[in-house]
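Below you'll find the structure, written out as structure tokens, and then a few comments.
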Amino acid sequence: MNSTGTFHINTSHVERSTRNMRTASALSGNTTTKNDHAEFETLVARTKRQAYNLAYRMTGNREAAEDLTQEAYLRAYRSFDRYDRSLPFENWLFRILTNLFVDSLRRLPKQQPLSLDRAMSAEEGEDDYTFEIPDYEADPERIVLKDVMDERLEQALAALPQHFRTAVLLCDVEGLSYEEIARVMNTSVGTVRSRIHRGRRMLRKLMDGAMPSRQSPRLSPAAA
231 MNSTGTFHIN TSHVERSTRN MRTASALSGN TTTKNDHAEF ETLVARTKRQ
281 AYNLAYRMTG NREAAEDLTQ EAYLRAYRSF DRYDRSLPFE NWLFRILTNL
331 FVDSLRRLPK QQPLSLDRAM SAEEGEDDYT FEIPDYEADP ERIVLKDVMD
381 ERLEQALAAL PQHFRTAVLL CDVEGLSYEE IARVMNTSVG TVRSRIHRGR
431 RMLRKLMDGA MPSRQSPRLS PAAA
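In this text, residue positions in the sequence shown follow the numbering used here: the first is 231, and each later residue adds one.
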């Protein structure tokens with residue numbers, strides 16, 4: 231990532247993946263039509279950077295992000311005949327990508343969850359978390375991440391519990407509504423609101439602790 235916060239990424243892995251999918255489809259007799267191939271490739275071209283950046287911010291690792299992105303597109307391609315075109319493709323793709331990421335975490339050995347203020351056992355669920363975080367405002371400002379995605383913010387995001395990190399990224403980076411995020415994460419709107427609210431507050435505390443000044447970098451307020 232350069233000093234302006236823009237990612238320079240190699241998306242050739244996605245293009246190779248689409249070529250491989252076309253070959254596999256032809257060999258397997260897949261019923262996906264030529265028009266579907268063209269439509270899918272157009273959607274890949276439109277969304278590949280967005281999908282990669284989301285995967286990178288979830289995993290914190292470029293190689294893992296490439297693998298996650300490629301697998302998400304492969305899954306999407308295989309199920310493309312079931313894609314509901316009345317819904318945004320990005321939302322459908324993000325749900326696949328998020329589910330793959332969650333599945334990959336479940337396969338890892340259990341680790342002690344993050345605690346900002348106390349130790350928590352691995353058995354504690356999300357609703358059992360108790361974070362003693364100062365409430366800066368009665369209605370906490372929305373943390374707009376697009377223009378301040380520097381190294382410190384990347385590190386703070388990586389420190390958030392996965393469900394909170396994903397909800398904040400989908401809302402504040404990808405611009406999805408609470409209802410869209412609920413569909414992507416397969417949960418209720420109320421749970422999404424809670425995760426975003428608490429995730430922003432945790433992120434603010436982590437950023438305040440990492441920064442010498444609250445003005446650097448500036449997090450822009452916006453209506454939630």
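Note that CB positions come from ideal geometry on N, CA and C, so glycine has one too.
Using CA atoms only, rank isn't needed, just tell me which of Ala397, Met415 and Asn416 is closest to Leu433.
Ala397
Is it buried or exposed for Gln385, if we count other Cβ within 10 angstroms and need 16 for buried?
exposed
Could you tell me which uninterrupted alpha helix (DSSP H) segments, each at least 4 residues in length, are contained entirely in the segment 274 to 350, listed from first to last along the chain?
292 to 308 and 319 to 336
Per-residue burial, Asp311 [other beta carbons within 10 Å of its own, 16 or more giving buried]
exposed
Nearest-angstrom Cα separation, counted from Tyr303 out to Asp266
14 Å
Pick out whichever of Tyr408, Met415 and Leu436 has its Cα sitting closest to the Cα of Thr388.
The sequence given here places Ala at residue 388; Thr does not occur at that position. Among Tyr408, Met415 and Leu436, the Cα nearest to that of Ala388 is on Leu436.
Using a Cβ-Cβ cutoff of less than 7 Å, which residues in the same chain neighbour Thr277 once the five nearest sequence positions on both sides are dropped?
Phe319, Glu320 and Leu323
State yes or no: is the C-beta of Gly429 within less than 8 Å of the C-beta of Leu390?
yes
How many Å lie between Ser316 and Val414 at the Cα?
15 Å
Keeping to the same chain, check which residues put their C-beta closer than 7 Å to that of Leu298; ignore five residues upstream and five downstream.
Ala285, Thr289, Leu327, Leu330 and Phe331
Closest residue to Asp333 among Gln392, Ser309 and Ser407 (Cα-Cα distance)
Gln392
Count the other CB atoms, across all protein chains shown, that sit within 10 Å of the CB of Arg337; report buried if there are 16 or more and exposed otherwise.
exposed
Which residues in the same chain as Ser418 place their Cβ atom closer than 7 Å to its Cβ, once the five residues preceding and following it in sequence are excluded?
Ala412
With a Cβ-Cβ cutoff of 8 Å, do Tyr282 and Ala295 count as a contact?
yes
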